[in-house]
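Visitor: Same order as they appear, the protein sequences are chains A and B.
Position 12 (the first sequence) corresponds to 12 in my numbering; numbering is contiguous.
Each number in my numbering comes from the position in the second sequence (counting from 1) with 1000 added on.
Here it is, the structure in full.
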Amino acid sequence: MMNEWIINGIDSIDDSIIEEAISYKRTRKPIYFAAGAVAAIAVISAVLMNMPHYTEPTITEMDSGAAQTDDSYSGGGTKYGDDGKIILSDADISFTGTAITADEINEIIEREKVHIASVIRLETLGAGDINISLVGYSHLQTDNNTVSLDFVTLPVFTDDRLIGEVTLFRYDGEIHCSPAAGGSGWAAKTEIFNQNPDEELAFVYVGQFSEYMIAPDNTVYGMWEGESPLDDVPDCYTKYATEHNTFSFNKMIADKNYVTVPADVSNITLQ
Amino acid sequence: MDDKDIVSLYWERSETAIAETDRKYRSLCMRIARNVLNDSSDAEECTNDAYLAVWNNIPPKRPEHFAAFVCRIVKNLALKKYEHIHAAKRNPDAQVSFDELDGLADNTDVEMLCSSKELGEKISDFLQNERQVNRVVFVRRYWFFDSPKEIAKRCSMTENAVNALLMRMRNRLKEYLRKEGVYDE
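Okay, structure coming up:
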């Protein structure tokens, strides 16, 4: 009798909770396809080469940490243990560069939004209205535990998915922007945001090119198949999360911290 | 196809609606029915009956949560069908999930103070205050009757972690329901 009462009670729970359980699939380590990423870089590079005001500098020339060769960025390069695993830094977290302010983001996105949307639309055929976040995140480089504040990543999304990012970076006294789209990684990242819509995810780099996102419950979402070097770090969210490398998708939406470029607005004509 | 579009097809009385429902939700429906009935042919019959029931209910209904709407129908039909089938055929995993719920309250000297619907609202409130992954694990176990092994795979957890999480959630739910005055022991 009691059993039946409880079972019937559970049977009557909200439809929204049931639907959540239908669609939920926790992806601990989604695989970002390297080939897709390389193709995206190639296409975007080709586009950038034909746009004078985007030609220099490129992010790869900058001290972004992950976007450089392992032994060239400030901090001494990635170190590997005898077992081939990346050695994570034990240093206290430090910050380099100058944070890009909200006013600076607003100014540059207002100026470049149509161009950014147009470039991204080239890689996302069929995308309608494009939204560019006006808040973003830097990355903590775990090889030396530094956050380069000269870089900030702004998500770009449609009404139902993430489709790209814009990286703003300081160089030679000016702020430049570099949009990125294409490849299959955005679907995986969309899934991560969907699984953690309200969470302040922490964004970190480990070694060269490997981006990881850490949820407050210490779940690590990685870019590559296999074990994450962060799996063995106890309470890694507390260790790596700072105000500069964390981001909540829903908070950005709730605060209306984004601009929309309508589908019919573009400054690039395909021939 | 989007769920809203499928619902529109039902309203247009287009038979494509059933085909689209089948294409999108057959595996889910089969899983729910099989979890209860522990038999593929019974589950298939139940799933097909569910499509007919959906057809007969839309219109006049226009469910906001179409997937949940379909799942509820499949589950109810499966449970009804189960009543007509020998208990021994029931899926042991589902039976165990029922047994686990026994711990929520003693079977004796319990005064039930609310209807199942009200209890469902209380449980929904409880679940909404849980972390998403906890909520999903609980619902997959006690609504869909998935086995801990299946849940572990879906949620990237170990089976032991799923069982431990469920035990803690049952204890929290029990305490919550007691505080809410849902029942007195």
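Each residue gets a CB set at the ideal place from its N, CA and C atoms; glycine is no exception.
Along the beta strand (DSSP E) that carries Y80 (chain A), what are the first and last residues, could you check?
Guide: It is not in any beta strand (DSSP E) - Y80 (chain A) carries neither H nor E in the DSSP assignment.
Visitor: Check each residue of the segment 1133-1148 of chain B: if its Cβ is closer than 8 Å to any Cβ of chain A, include it; give the result in chain order.
Guide: V1133, R1135, V1136, V1139, R1140, Y1142, W1143 and F1144
Visitor: With the cut-off set at 9 Å, would you say T238 (chain A) and Y137 (chain A) are in Cβ contact?
Guide: no
Visitor: So what does T153 (chain A) bridge to, in DSSP terms?
Guide: Per DSSP, the beta bridge partners of T153 (chain A) are A:Y137 and A:T167.
Visitor: Which residues bound the alpha helix (DSSP H) around P1148 (chain B)?
Guide: P1148 to R1154
Visitor: For F193 (chain A), I'd like the list of residues in its chain whose CB is within less than 7 Å of its CB, leaving aside the five on either flank, ordered along the chain.
Guide: L162 and F249
Visitor: Under 9 Å, Cβ to Cβ, is there at least one residue of chain A near I1073 (chain B)?
Guide: I1073 (chain B) has a beta carbon lying at 9 Å or more from every beta carbon in chain A.
Visitor: For A215 (chain A) versus L201 (chain A), is the C-beta distance shorter than 9 Å?
Guide: Contact: yes.
Visitor: A1033 (chain B) and V1074 (chain B) - do their beta-carbons sit closer together than 9 Å?
Guide: yes
Visitor: With the cut-off set at 9 Å, would you say V1133 (chain B) and Y212 (chain A) are in Cβ contact?
Guide: No, they are not a contact pair.
Visitor: Give the C-beta separation of S16 (chain A) and S1116 (chain B) to the nearest angstrom, bearing in mind that I take them to be a contact with Cβ-Cβ under 8 Å.
Guide: Going by Cβ atoms, the distance from S16 (chain A) to S1116 (chain B) rounds to 19 Å, so no, they are not a contact pair.
Visitor: Strictly below 9 Å CB to CB, what residues from chain D border S1124 (chain B)?
Guide: No chain D is part of this structure, whose protein chains are labelled A and B.
Visitor: Just to check my reading of the structure: H139 (chain A) and V204 (chain A) have Cβ atoms closer than 8 Å, yes? What is that Cβ distance to the nearest angstrom?
Guide: 6 Å
Visitor: Return helix, strand or coil for M1157 (chain B), following the three-state DSSP convention.
Guide: When secondary structure is reduced to three states using DSSP, M1157 (chain B) falls in the coil class, being assigned neither helix nor strand.
Visitor: Tell me whether C1029 (chain B) sits in a helix, a strand or coil according to DSSP, three-state version.
Guide: helix
Visitor: Look at the Cβ atom of S89 (chain A), then the Cβ atom of V147 (chain A), and state whether they are nearer than 9 Å.
Guide: Cβ distance not < 9 Å, so S89 (chain A) and V147 (chain A) don't count as in contact.
Visitor: So E19 (chain A) packs on A1067 (chain B), CB below 8 Å; how close in whole Å?
Guide: 5 Å
Visitor: Whole-angstrom Cβ separation of G182 (chain A) and E123 (chain A), contact assumed at under 8 Å?
Guide: 4 Å
Visitor: Report back the beta-carbon spacing between E165 (chain A) and V152 (chain A) to the nearest angstrom; my notes put them in contact at under 8 Å.
Guide: Between V152 (chain A) and E165 (chain A) the Cβ distance is about 10 Å, and since that is not below 8 Å, they are no contact.
Visitor: What is the C-beta distance between D150 (chain A) and G207 (chain A), in whole angstroms, given that I count them as a contact (C-beta under 8 Å)?
Guide: Their Cβ separation, rounded to whole angstroms, is 20 Å, which puts D150 (chain A) and G207 (chain A) out of contact at 8 Å.
Visitor: What runs of the alpha helix (DSSP H), each 4 residues or longer, lie entirely inside the segment 1004-1071 of chain B?
Guide: 1016-1037 and 1040-1057
Visitor: Provide the residue span of the alpha helix (DSSP H) that contains M252 (chain A), from first to last.
Guide: F249 to A254
Visitor: Hey, L1079 (chain B) and V1036 (chain B) are a contact pair by Cβ (cut 8 Å); roughly how many whole angstroms apart?
Guide: 6 Å
Visitor: Which one or two residues does DSSP pair with Y221 (chain A) in a beta bridge?
Guide: A:M213
Visitor: Compute the Euclidean distance between the alpha carbons of A39 (chain A) and V119 (chain A), then round it to the nearest angstrom.
Guide: Reliability fails at A39 (chain A), whose pLDDT of 45 lies under 50, so the model's placement of it is uncertain and the value that follows must be treated cautiously. Cα to Cα, the separation comes out at about 15 Å.
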